[in-house]
Amino acid sequence: MTKEQLLSLAERGRELDAEIQTLVGQFKGVTMAQVAKKLMPMMMSGNLSPEKMGLPTDIMEKLEEYSHINATLNKAVVHLLGGK
Numbered sequence: 002m003t004k005e006q007l008l009s010l011a012e013r014g015r016e017l018d019a020e021i022q023t024l025v026g027q028f029k030g031v032t033m034a035q036v037a038k039k040l041m042p043m044m045m046s047g048n049l050s051p052e053k054m055g056l057p058t059d060i061m062e063k064l065e066e067y068s069h070i071n072a073t074l075n076k077a078v079v080h081l082l083g084g085k
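Shown next as structure tokens:
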């Protein structure tokens, strides 16, 4: 992997991290009662979706991409440091 590719990957990782931290911030301090109040009508109607819970529709894809980027960058760092 080239230096430019690694830098691009690191930049995308920072972007995803910022998005994830924003989502985490939205849910910090939310009580279980608040979660239940929001989820119960959706569960009863069978209309449960990420966006109705305040999440982006592509949250799973973003988390998978973030995980892949972290794994790739970790391997690159180990390689650069002479590890296995």
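Just so you know, we're using our numbering here: the sequence shown kicks off at 2 and counts up by one. Every residue gets a Cβ at the ideal spot worked out from N, C-alpha and C, and that includes glycine.
Under 9 Å between C-beta atoms of residue i and residue j
i, j, result
"Leu24", "Leu56", "yes"
"Lys39", "Met61", "no"
"Ser50", "Met43", "yes"
Extent of the continuous alpha helix (DSSP H) run through residue i
i, result
"Asn71", "60-81"
"Ser9", "4-28"
"Ser46", "33-46"
Nonlocal neighbours in the same chain, by C-beta distance under 6 Å from residue i, ignoring five residues either side
i, result
"Ile21", "none"
"Ala72", "none"
"Pro52", "Note that residue 52 corresponds to Glu in the displayed sequence, not to Pro. Result list for Glu52: Thr58, in chain order."
Beta-carbon contacts of residue i that lie in its chain and below 8 Å, excluding the five residues immediately before and after
i, result
"Leu74", "Leu7, Leu10, Ala11, Gly14"
Cβ-based neighbour list, residue i, same chain, cut-off 7 Å, excluding 5 preceding and 5 following
i, result
"Glu66", "Leu17"
"Ala77", "Met2, Leu7"
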